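The structure appears below as structure tokens.
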């Protein structure tokens, strides 16, 4: 095992050396760094060219410059000295600083999108595999292929037009005409009919209920101008909480396990009481406080489950912990919604909240909630675009993996010994189906920080992709190399992690020593 | 493969493989592919687009039936709005509309579709060829050849395609230097881009082919061939390659559909196809600012990208089903009639399933 890892690391280092040499030469050869001055008619043209040549060290041949750069970069390997030198970009900013800023921007952009895409993709994949060859399966398969074929810049422009400009116009006067409410309700009802299983009668019933509920909610929103002053309120939180409690118990323990259901419901009750207690505290929220509250919510849930006990204490704890976490999320959402009118009427926002470019409103001031909404409104469109594009891969892959597992002998054995379908799916199939998915996820996380060049360009986020593209356009090797090194190292590290994770998760697969 | 499949006991709902009895592998694959309605629809859509794109505005100097070219400027009709309508079904003067200076969007879109299809085919051919050669050599001969080739693959896999495309665009732009590459690239811009992208997109394919060769070279029929005195070349071309052709074709298709998106993305970023020539990505990039006033300039090129890519993906899916011997055509109605539980396919060895995971993963990653 250790030999394997060491060998992989040594090879990776050699590959990195070779590839970085190649990238440096290619960047240096990719154009004329003085092109912008050659055409200019400025009187100090020669002086500008000389200073640029000196800055980029153009008198030295590119291979020699590479080794100079490598000498600086090698200092990064020495820990705790802080003498990391990746050179400077054309503006004279050290690359290490620029990389730090860009990395934060890129990570805020891609983290949420990737996590959501993985969660939704795996869920869809599992459901479609369990209901193979149903209308839902065909529908999701078609959607997956469609999303797979969408160019992201095209999706992004559409989202900007309808998600931002259109929605902002709507928010100016948030009234939904009655036909639109009914139409949207009908669409949701039709989707529910397709998603729901069972015979035609049950499907029609579910579709009808969903249609009525959605239409009623939309009409209510329109009448009360909900979009101007959104909020959930304790009643909605309580109702949604009970729903969550039942759903979570159904998945983690099964409704037969009464103690688990009771723990989840108690967690909901405690959450609704805490909703009132926490409001004053939440007014002075900081990011750390929210994290601590989330941890506290999980711990409280586990404590409730522990004291309720039951024949399987672990199941009760799990059900209550997940329920209270989700309930805490609802309370958080409600508090963000309370801050919405203040954000909406902020002098910087001027009633057009959903932004089309950038990662934040410049010079905006406000408390935690205002700033939170600000980054949310800026992230929502690029995140949606990224989710749409990457969802398809996860869905298809999870479906294939789950189908294969569901055909295994041990699933038949599990069914034969009388386990409930929930246990078979959640305990036996789901966990094993995730093994190959885990490796894909590791690969994708490795490719994350360099993988959103186009999205960053379209939405003008100054992240890693922007830095890279800017470096190429100015024929400036230093930023290009900085981004390349970061991306390549993470990609290789996660490739190794993926391989190790596979052999750790699946004992049938052994790494070659 | 067919013999193996024929010996298996099939549960209810899966059509008995007696359908395959007496048929060659090619015939079985063809039959399965033709039975895949998604793939056939994809093939039909692609054929229509292909014929339309290459006959309408002409190709390589041959004139087409459409009256405008992608460069010709004509007076604005109806302020450039599309004249095509479904009811009454009419084509009109400028079916897809015109841009601000009066170029016909139908001609431009068709020209863009030509470019995309050309690039796709070039990339598929080059990447397929290099991928097979590298994969076969490293998988079959192993040893130092494998070490060198696979390290080379690793290096190319982590060099960003965007950088290479930028370098290529720069080299192609240097018309004054008179190198053979610059003169070739300036006269056949899209072909050069395709060749270049092909030269870097073979890596995923090479890894997959190596995996296939590693598995297949341990099989008994290869030993038999070797003992009866077959040369290495004969074993590779006559014994192993025909068995790996399924994986190859499926993944070439996926590489091709990914290639279209790569080309449009590069053109969008300004390092792919350049004006005055046009491509679907370039059209979108030029016209995205005009979305509020002339949305059709944005809709039609995008629609064609999606249609081409979608049809290729469906064809690839059909091929995957057709070539995969373990995949059975499942008939839900029959299963219900037989009153059987969900069908359990034949168990597969852990080794097989691992190989298959890798293959699917590679395919998805390539795309």
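Protein chains in written order, with full-length UniProt numbering: chain A, 1 to 513; chain B, 1 to 367.
Ideal Cβ placement from N, Cα and C applies to all residues, glycine included.
Since the model is a prediction, treat every value here as computed from it, not as a measurement.
Neighbour flag for residue i against chain A, beta carbons, 9 Å
{"i": "residue 281 of chain B", "result": "yes"}
{"i": "residue 99 of chain B", "result": "no"}
{"i": "residue 138 of chain B", "result": "no"}
{"i": "residue 272 of chain B", "result": "no"}
{"i": "residue 154 of chain B", "result": "yes"}
{"i": "residue 82 of chain B", "result": "no"}
{"i": "residue 166 of chain B", "result": "yes"}
{"i": "residue 288 of chain B", "result": "yes"}
{"i": "residue 159 of chain B", "result": "yes"}
{"i": "residue 314 of chain B", "result": "yes"}
Contact check, residue i vs residue j, beta carbons under 9 Å
{"i": "residue 106 of chain B", "j": "residue 66 of chain B", "result": "yes"}
{"i": "residue 514 of chain A", "j": "residue 484 of chain A", "result": "Since the displayed chain A opens at 1 and closes at 513, residue 514 of chain A lies outside it and no answer follows."}
{"i": "residue 40 of chain A", "j": "residue 475 of chain A", "result": "no"}
{"i": "residue 204 of chain B", "j": "residue 157 of chain B", "result": "yes"}
{"i": "residue 397 of chain A", "j": "residue 442 of chain A", "result": "no"}
{"i": "residue 412 of chain A", "j": "residue 421 of chain A", "result": "no"}
{"i": "residue 241 of chain A", "j": "residue 272 of chain A", "result": "yes"}
{"i": "residue 464 of chain A", "j": "residue 87 of chain A", "result": "no"}
{"i": "residue 153 of chain B", "j": "residue 217 of chain B", "result": "no"}
{"i": "residue 333 of chain A", "j": "residue 354 of chain A", "result": "no"}
{"i": "residue 300 of chain B", "j": "residue 288 of chain B", "result": "no"}
{"i": "residue 155 of chain A", "j": "residue 394 of chain A", "result": "no"}
{"i": "residue 251 of chain A", "j": "residue 215 of chain A", "result": "no"}
{"i": "residue 254 of chain B", "j": "residue 264 of chain B", "result": "no"}
{"i": "residue 318 of chain A", "j": "residue 253 of chain A", "result": "yes"}
{"i": "residue 335 of chain A", "j": "residue 279 of chain A", "result": "yes"}
{"i": "residue 390 of chain A", "j": "residue 444 of chain A", "result": "yes"}
For residue i, the three-state DSSP class (helix, strand or coil)
{"i": "residue 103 of chain B", "result": "strand"}
{"i": "residue 284 of chain A", "result": "coil"}
{"i": "residue 417 of chain A", "result": "coil"}
{"i": "residue 73 of chain B", "result": "strand"}
{"i": "residue 98 of chain B", "result": "strand"}
{"i": "residue 240 of chain B", "result": "helix"}
{"i": "residue 311 of chain A", "result": "coil"}
{"i": "residue 5 of chain B", "result": "In this predicted model, residue 5 of chain B has a pLDDT of only 42, less than 50, meaning its place in the structure is not dependable enough to derive any value."}
{"i": "residue 449 of chain A", "result": "coil"}
{"i": "residue 94 of chain A", "result": "strand"}
{"i": "residue 394 of chain A", "result": "helix"}
{"i": "residue 357 of chain A", "result": "coil"}
{"i": "residue 274 of chain B", "result": "coil"}
{"i": "residue 176 of chain A", "result": "coil"}
{"i": "residue 62 of chain B", "result": "strand"}
{"i": "residue 31 of chain B", "result": "helix"}
{"i": "residue 88 of chain A", "result": "strand"}
{"i": "residue 342 of chain B", "result": "Caution applies to residue 342 of chain B, whose pLDDT of 43 falls short of 50 and renders its modelled position unreliable; the model cannot decide the point."}
{"i": "residue 364 of chain A", "result": "coil"}
{"i": "residue 199 of chain A", "result": "coil"}
{"i": "residue 36 of chain B", "result": "coil"}
{"i": "residue 324 of chain B", "result": "coil"}
Burial state of residue i, where buried means 16 or more other Cβ atoms lie within 10 Å
{"i": "residue 266 of chain B", "result": "buried"}
{"i": "residue 286 of chain B", "result": "buried"}
{"i": "residue 103 of chain B", "result": "buried"}
{"i": "residue 144 of chain B", "result": "exposed"}
{"i": "residue 432 of chain A", "result": "buried"}
{"i": "residue 200 of chain A", "result": "exposed"}
Cutoff 9 Å: residue i Cβ touching any chain B Cβ
{"i": "residue 513 of chain A", "result": "Confidence is the limiting factor: at residue 513 of chain A the pLDDT is only 49, short of 50, which leaves the residue's position unreliable, though a coordinate-based value still follows. No, no contact with chain B."}
{"i": "residue 87 of chain A", "result": "no"}
{"i": "residue 11 of chain A", "result": "yes"}
{"i": "residue 126 of chain A", "result": "no"}
{"i": "residue 27 of chain A", "result": "yes"}
{"i": "residue 90 of chain A", "result": "no"}
{"i": "residue 154 of chain A", "result": "yes"}
{"i": "residue 521 of chain A", "result": "No statement about residue 521 of chain A is possible, as the shown extent of chain A runs from 1 to 513 and does not include it."}
{"i": "residue 56 of chain A", "result": "no"}
{"i": "residue 74 of chain A", "result": "no"}
{"i": "residue 179 of chain A", "result": "no"}
Practice problem: Taking only runs that begin and end inside the segment 190-234 of chain B, name each unbroken alpha helix (DSSP H) of 4 or more residues, in chain order. | Solution: Runs found: 203-216, 220-227.
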